[in-house]
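If you use my numbering, the sequence shown corresponds to residues 2 to 223, in order. From the three backbone atoms N, C-alpha and C, an ideal C-beta is built for every residue, glycine too. Worksheet: one structure, shown below.
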Amino acid sequence: MKLTCLGSGSAGNCYLLHNETECLVIEAGIPFKEVKKALDFNISKIVGVVVSHEHGDHAKYLHEYIKVGIPVMAPSMGHVTGELSAISKPFAVRTFPLVHDAPCSGFLIEHQEIGRLLFATDTEYIRYKFKSLNHIMIECNYSKDLLRESYYDGLQDRIKLTHMELDTCKDFIRVNENHDLRTVCLMHLSDRTSNETVFQKEVQELVECPVYMANKGLEYEL
């Protein structure tokens, strides 16, 4: 199974977990037509879409999935449509609360091909520890130093309370690192307050598995 990033950040978020016959869409922040192109227009393989929260860069195009009858799991928005079994088989999806300025959910996704994958974005921190994660997809939005240089105090405070800082991200990975961890993907980096090279290097020092940066067009095997 592959992970494909179609967008990450304020311009729009969307990720595909897919093999030849199945696809789970994570986030609906880019036009559905871009998802169709990425799947060679074989949308029958989409078993469902999960959405973390209501902000447009994550949910703007959710209605396009609902319109064509694709099952939706967006509990923080009050949307659960279609048969949940369509998402739970072959993917098992569980949610947990995150810390944002709108109701927001993280996802623990299980599939026999990939094991256990954690997805968490747009959150100040994650209050839970997870057992035996095989893949971590996590926000790493900014560093304290770059934030201090880039924004006035009021906006700094909002960002600190709604997005994950580098050291917080590293702490979570350090606590949840295990011998079965196969990949880490850093998501939702700010254009102004992040340094991709530094972030990747510092996280890579914590784990033995590959660390990927969620740039548009990224694709790797899970």
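Looking at Glu222, Thr5, Leu7, the one whose alpha-carbon comes closest to that of Ile115 is Glu222. Looking at the DSSP output, Tyr213 shares a beta bridge with Cys186. The residue among Ser195, Phe92, Asp123 with its C-alpha nearest the C-alpha of Met138 is Asp123. Between the alpha carbons of Leu17 and Leu109 lies a gap of roughly 15 Å. Shown here, Gly57 sits in a helix according to DSSP, grouped into three states. Residue range 73-75 is occupied by the beta strand (DSSP E) that includes Ala75, with no alpha helix (DSSP H) assigned at that position. Per DSSP, Ser191 lies in no beta strand (DSSP E) segment and is marked neither H nor E. In this structure, Thr96 and Pro72 do not form a Cβ contact; the two beta carbons are roughly 14 Å apart against a cut-off of 8 Å. Here Leu134 is buried, its C-beta having at least 16 other C-beta atoms within 10 Å. The region 185-199 makes contact with the region 3-16: 3 or more CB pairs, one atom from each, lie closer than 8 Å. Taking 9 Å as the cut-off, the beta carbon of Val212 is found no closer than this to the beta carbon of Thr194. In the DSSP annotation of this structure, the continuous segment of the beta strand (DSSP E) that includes Phe97 starts and ends at 93-98.
Between the alpha carbons of Glu220 and Leu182 lies a gap of roughly 18 Å. The beta carbon of Ala39 sits closer than 8 Å to those of Thr5, Leu7, Leu17, all from its chain and outside the five residues before and after it, given in chain order.
Taking C-alpha positions only, Gly218 is separated from His19 by approximately 14 Å.
Under DSSP, Thr163 shares a beta bridge with no residue. In the assembly as shown, Asp58 is a buried residue. Its beta-carbon has 16 or more other beta-carbons within 10 Å. Secondary structure at Ala39: helix, using DSSP grouped into helix, strand and coil. Using a 10 angstroms sphere on the CB of Leu156, the tally of other CB atoms stays under 16, which defines it as exposed.
Collapsing the DSSP output to three states places Ile115 in coil. Between Cys141 and the set Gly49, Ser45, Val199, the nearest pair of CA atoms involves Val199. The criterion of a C-beta distance shorter than 9 Å is not satisfied by Phe120 and Glu23.
Counting along the chain, the unbroken alpha helix (DSSP H) around Thr198 starts and ends at 197-205.
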